[in-house]
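I have placed the structure first, in the form of structure tokens, so that the comments after it can refer back to it.
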Amino acid sequence: MYKDGSVERLVGSPYVLPSPNDPETGVTSKDITISQDPSISARLYLRSLNQTHLPKLPILVYFHRGGFCLESAFSFNHQRYLNSLVAQAQVAAVSVEYRLAPQHLLPIAYEDCWAALQWVALHPLNNGLNKEPWLMNYADFNRVFIGGDSAGSNIVHNIAMRVGVESLHGGVKIFGAFLNHTLFWGSKPVGLESSAGHGKALPYLVWNFTYPRAPGGIDNPMINPMSPGAPSLAGLRCSRVLVAVAEKDELRDRGVSYHEELRKSTWEGEVELVQGDGDNGFHVLHIESENAKHLIKHSASFC
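Going by full-length UniProt numbering, the first residue of the sequence shown is number 1, and it counts up by one from there.
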């Protein structure tokens with residue numbers, strides 16, 4: 001970020017076009033506009049449109065990684081990852097392109113993702129909306145999942161909590177949510193986190209950069225859902241949760257703590273923890289690795 005306010009992003013995989021038929025997975029993708037103002041778009045994924053009499057597919061609304069300030073639903077890495085996940089899970093996926101900080105500080109990304117999920121939920125209603133044919137023809141609105149990686153799975157948690165306060169259109173329910181390598185943090189270390197330099201750790205810096213006016217700072221419930229002032233995790237509105245952590249990820253203990261707190265709460269759903277070797281986002285950045293294949297397979301079987 002330069003003194004004149006302009007921004008140059010030096011990290012992140014290149015943008016790629018959607019594919020009418022990915023040669024490795026047989027998955028078809030296309031880009032759509034959800035909203036012109038504010039500007040919200042998405043990349044949609046379906047497995048093999050050539051098949052006739054397809055059963056209705058579960059819906060996955062996915063939020064990408066990147067610390068709220070990097071990456072894209074249209075990036076090479078996320079295209080490869082979603083192709084693989086959709087092929088194995090047999091879902092109709094909506095990968096949301098939300099606006100990024102610092103041009104669009106939080107909570108804008110949360111609002112964009114909420115708007116995208118509400119757009120999906122509108123489709124079963126007879127309301128004259130210009131509806132997306134892929135969702136109308138192939139999607140089962142009784143099996144809606146949300147999922148994300150790192151910052152994206154932070155969004156997943158906050159969306160699932162918001163559904164407990166504000167219902168989705170048409171009474172659509174969130175059936176399940178997966179949270180991979182979730183971006184949570186707080187003022188006090190948990191697990192094996194070191195107290196030395198805790199306040200200068202990357203998650204702390206990312207939060208202050210992307211949400212500098214967050215009420216409560218690093219203990220805002222959106223980044224620290226286990227903070228004393230956070231709403232009870234019993235308010236999470238989905239039936240099943242899958243939490244994935246990576247052994248070399250500094251966010252690991254936050255994910256483990258989240259799983260434990262959710263399990264001990266009065267929330268009535270089912271929660272599972274899956275642990276893998278590697279660093280944050282290995283299944284997106286190194287999709288050919290055995291660890292990545294294992295996590296993608298686990299996520300696919302969850303949906």
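For glycine and all other residues, C-beta sits at the position ideal for the given N, C-alpha and C.
Given the structure is predicted, the values throughout are model-derived calculations rather than measurements.
For the beta strand (DSSP E) containing residue i, list its first residue and its last residue.
i           : result
residue 133 : Looking at the DSSP string, residue 133 is not in any beta strand (DSSP E); the run it does join, the alpha helix (DSSP H), is 133-138.
residue 63  : 57-63
residue 273 : 270-276
For residue i, which beta-bridge partners are listed by DSSP?
i           : result
residue 15  : 75
residue 30  : 44
residue 145 : 60, 176
residue 121 : Its beta-bridge partners do not exist; DSSP assigns none.
residue 91  : Answer is none; residue 91 lacks a bridge partner.
residue 153 : In the DSSP output, where bridge partners are listed per residue, residue 153 has none listed.
residue 35  : 40
Assuming residue i contacts residue j under a Cβ cut-off of 8 Å, what Cβ separation, rounded to an integer in Å, is found between them?
i           : j           : result
residue 156 : residue 135 : Actually they do not touch by this definition, with Cβ atoms about 20 Å apart.
residue 309 : residue 196 : This structure gives no information on residue 309, because the portion of the chain shown stretches from 1 to 303.
residue 271 : residue 298 : The pair is not a contact, with the Cβ atoms about 14 Å apart (cut-off 8 Å).
residue 230 : residue 276 : Rounded, the Cβ-Cβ distance is 27 Å, inconsistent with contact.
residue 145 : residue 221 : Not quite, the Cβ-Cβ distance comes to about 23 Å (not below 8 Å), so this is no contact.
residue 206 : residue 67  : 5 Å
residue 69  : residue 102 : 7 Å
residue 174 : residue 238 : 4 Å
residue 292 : residue 302 : Contact doesn't hold; Cβ gap of about 16 Å is too wide.
Would you give the residue range spanned by the alpha helix (DSSP H) that residue i belongs to?
i           : result
residue 284 : 282-285
residue 101 : Note, residue 101: premise wrong, no alpha helix (DSSP H); not H, not E.
residue 257 : 252-264
residue 68  : From DSSP, residue 68 is part of no alpha helix (DSSP H); its letter is neither H nor E.
residue 291 : 290-302
Determine whether the beta carbon atoms of residue i and residue j lie at a separation below 8 Å.
i           : j           : result
residue 104 : residue 149 : no
residue 252 : residue 246 : yes
residue 122 : residue 93  : no
residue 236 : residue 261 : no
residue 86  : residue 27  : yes
residue 227 : residue 115 : no
residue 113 : residue 91  : no
residue 300 : residue 250 : no
residue 218 : residue 187 : yes
residue 147 : residue 65  : no
residue 99  : residue 89  : no
residue 216 : residue 248 : no
residue 82  : residue 138 : no
residue 184 : residue 254 : yes
residue 84  : residue 25  : yes
residue 107 : residue 170 : no
residue 19  : residue 32  : no
residue 284 : residue 21  : no
residue 47  : residue 73  : no
residue 168 : residue 117 : yes
residue 163 : residue 141 : no
residue 199 : residue 257 : no
Can you list, in chain order, the stretches of the beta strand (DSSP E) that have 3 or more residues and sit fully within the stretch 159-247? Taking only runs of at least 3 residues, the beta strand (DSSP E) segments lying wholly in the stretch 159-247 are 174-180, 240-246.
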